[in-house]
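Each residue of the sequence shown is one higher than the one before, counting from 10 in our numbering. As structure tokens, the structure follows; a few thoughts come after it.
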Amino acid sequence: MSKPLSPGERDALSEALDRQLVLVAHGQKLSDPELIAFSRNFGELDPPGPNPYGVPFNKEFPEINVISNVIENGKPIGGLGAGEAIWHGDMTYIDVPPRAAVLHALEIPANGGGNTCFADQYAAYAALPEDLKKRIDGKRAVHDASRNSAGQLRKGYDEVTDPRETKGAVHPLVRTDERTGRKALFLGRRKDSYVLGLDLAESEALLDALWAHATQARFAMCHVWRMGDVLVWNNLGVLHRRDPFDENARRIMHRTQIKGVETIA
Ligand code: SIN
Numbered sequence: 010m011s012k013p014l015s016p017g018e019r020d021a022l023s024e025a026l027d028r029q030l031v032l033v034a035h036g037q038k039l040s041d042p043e044l045i046a047f048s049r050n051f052g053e054l055d056p057p058g059p060n061p062y063g064v065p066f067n068k069e070f071p072e073i074n075v076i077s078n079v080i081e082n083g084k085p086i087g088g089l090g091a092g093e094a095i096w097h098g099d100m101t102y103i104d105v106p107p108r109a110a111v112l113h114a115l116e117i118p119a120n121g122g123g124n125t126c127f128a129d130q131y132a133a134y135a136a137l138p139e140d141l142k143k144r145i146d147g148k149r150a151v152h153d154a155s156r157n158s159a160g161q162l163r164k165g166y167d168e169v170t171d172p173r174e175t176k177g178a179v180h181p182l183v184r185t186d187e188r189t190g191r192k193a194l195f196l197g198r199r200k201d202s203y204v205l206g207l208d209l210a211e212s213e214a215l216l217d218a219l220w221a222h223a224t225q226a227r228f229a230m231c232h233v234w235r236m237g238d239v240l241v242w243n244n245l246g247v248l249h250r251r252d253p254f255d256e257n258a259r260r261i262m263h264r265t266q267i268k269g270v271e272t273i274a
């Protein structure tokens, strides 16, 4: 992965990402420039979203997001800490969310934990009961921008007290992929989401039903990390979450995001 790819290899990886949704490679040791160069095989990069501290974690390579619980000189070197990260899609609170993410394990806890799980949202949509498919056809929801998946408020955002006033991008509940034409549920993150045009109670009930369906074990797989792993996931076709791990252990992951293209309703 540290070497340039041929156009044929690049196309094969991109097609695999469309089809398989999560790609796993073991035993890599990528420097930040190598991680950036590998990620660019999938397209242009998106900078990370705002974090709770208001400054990029990786000042030398700001296109890299650092996911870590490590504190150095009294400051976190990365985001999300050691707790659970709840089900979400990355940065779906922007109008054109990233197509993919690349996550490289630089240090992982020796005693395990911190597994990352993915739920296939194409399979979830295909398995929806017909009446629910009809109910959500053409409906759109707001994806909250205020909190990260560890529940922390991002710098510059206020607490949401009424989901009807949530700040973030509005996306169709069902997303048609511009590359494959396949339909996926597109839910973003549950907290403070709101389905436009519904009463708040109706929206809450519909979202609860969709989230309970979308995150079932039958649509999911969990990755047990090894040092040096690189995962690439199709951010528009899966939701992901992360298990907690021992807060006294060190876990350092570097992540890039690949820009998406305009969503088709
Ligand atoms: C994330 O939610 O992007 C972090 C995943 C992880 O820490 O494994």
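The beta-carbon is built from N, C-alpha and C at its ideal position, and this holds for glycine as well. These numbers were taken from a predicted model, which means no experiment stands behind them.
- For His222, the secondary structure class from DSSP, reduced to helix, strand or coil, is helix.
- Within its own chain, the residues whose Cβ lies closer than 6 Å to the Cβ of Ser212, once the five positions on either side in sequence are excluded, are Tyr203 and Val204, listed in chain order.
- The beta-carbon distance between Asp238 and Val75, rounded to whole angstroms, is 16 Å. This is too long to meet the 8 Å contact definition.
- Using a C-beta cut-off of 8 Å, the segment 218-230 makes no contact with the segment 161-177, since fewer than three inter-stretch Cβ pairs fall below that distance.
- In this structure, Trp96 lies away from Thr265, with their beta-carbon atoms at least 7 Å apart.
- Residue pairing by DSSP places Glu53 in no beta bridge whatsoever.
- Ile76 has Gly88 and Met262 as its beta-bridge partners, per DSSP.
- Minimum Cα-Cα distance from Pro56 among the listed residues Cys126, Val105 and Leu215 corresponds to Val105.
- Excluding residues up to 5 positions away in sequence, Leu240, Met262 and Arg264 lie with their Cβ nearer than 6 Å to the Cβ of Leu112 in the same chain.
- Of the residues assessed, Thr101 falls on the buried side of the cut-off, its CB having 16 or more other CB atoms within 10 angstroms.
- For Ala119, the closest of Lys268, Met236 and Lys200 by C-alpha to C-alpha distance is Met236.
- Ranked by how close their Cα comes to the Cα of Phe228, the residues Val79, Leu137 and Pro85 have Leu137 in first place.
- Phe47: not part of any beta strand (DSSP E); member of the alpha helix (DSSP H) spanning Asp41 to Ser48, first to last residue.
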